[in-house]
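First the structure, in the form of structure tokens, and then the observations on it.
Residue numbers (our numbering): 12 to 333.
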């Protein structure tokens, strides 16, 4: 049967207590044994003389008990020393475990702190990225809103300008579309232009002469120049806007769609020789009306491909430019 340390110590304590009691009571027991069993009254000198060997026995037993007691005391001291050693070792082990536990806790705390710092950095980075994205989105939205407002303002201004264009011809007032129609039909009827029998300058002179023939010296013709220059502002706005190319293409197309066919024919004729207008129509695709093969030699000779956006014109360009 395995005994616990407490049970072992209890047994040793009881054994030591029993021996101490025996050692203390031994003289009394021995006295009773001698005077009641060995020597009986009357106690004469001869009777005490007979107790000599018994005294030796008592002395020997007393010495034996004293030796046993000393041995027990020494062994008890040894056990106490061992107990102290075990206690110190247990204390040292506890200290080692406590130190190890503290070290582990410190490492865990460091890891937790490191992880918290990492999470805090990531959270801060995410918040900054979100704030940056939100700011960029708001800025983009604001810029787009400003662009759209400016574009609409220019288009409204163009419309207002269009409605103010008028000439006094043959006793009555001609408005913008009637003027553009007369110029466009005249241009379309000039076969010598499309047969490439005129130079750029001659085509320009023919345009100016047509305006004079229609209105004489009417100052209303000056409104045509200022009107077409509005397109320069519109296309500059579109080209400089921080929007996608798809969005730019949409607004260019919307601008072209706001023009009638006769207005486009008038601009096409005027831009042949007038440098400002010729530069205006480049890279805009402003001419989105269909022109038949009759006009294609003239178009590919005096204009760049980027001035046009109608798919049939673009598809036939290389065929006529050879």
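Every residue, glycine too, gets a C-beta built ideally from N, C-alpha and C. Note that the structure is predicted; figures quoted are calculated from it, not measured.
Along the alpha helix (DSSP H) that carries residue i, what are the first and last residues, could you check?
i           : result
residue 179 : Premise fails: residue 179 lies in the beta strand (DSSP E), 177-180, not in any alpha helix (DSSP H).
residue 289 : 286-291
residue 183 : Run containing residue 183: none in the alpha helix (DSSP H); it sits in the beta strand (DSSP E), 183-186.
residue 247 : 233-251
residue 217 : 211-226
residue 307 : 307-313
residue 204 : 202-205
residue 268 : 256-268
residue 281 : 272-281
Using beta-carbon positions only, say whether residue i and residue j come within less than 9 Å of one another.
i           : j           : result
residue 331 : residue 297 : no
residue 268 : residue 299 : yes
residue 277 : residue 191 : yes
residue 186 : residue 174 : yes
residue 165 : residue 271 : no
residue 181 : residue 253 : no
residue 280 : residue 214 : yes
residue 329 : residue 301 : no
residue 209 : residue 222 : no
residue 295 : residue 263 : yes
Closest by CA to residue i, which one among the options?
i           : options               : result
residue 275 : 251, 248 and 321      : 321
residue 220 : 85, 210, 197 and 271  : 197
residue 194 : 172, 244, 138 and 273 : 273
residue 318 : 224, 307, 293 and 118 : 293
residue 176 : 327, 20 and 235       : 235
residue 206 : 130, 95 and 313       : 313
residue 290 : 307, 266, 306 and 316 : 316
residue 364 : 107, 25, 266 and 29   : With the chain covering only 12 through 333, there is no way to say anything about residue 364.
residue 170 : 188, 183 and 153      : 188
residue 88  : 24, 110, 262 and 263  : 24
residue 31  : 78, 129, 20 and 17    : 78
residue 19  : 91, 211, 172 and 85   : 91
Quickly, what does DSSP pair residue i with across the bridge? List them, please.
i           : result
residue 298 : 319
### Query
Is there contact here, the region 196-203 with the region 238-258, by at least three beta-carbon pairs under 8 Å?
no
### Query
Counting Cβ pairs closer than 8 Å, one from the region 281-298 and one from the region 234-245, do we hit at least three?
yes
### Task
Count the C-beta pairs between the region 147-165 and the region 243-255 that are closer than 8 Å, then say yes if the count reaches three, no if not.
yes
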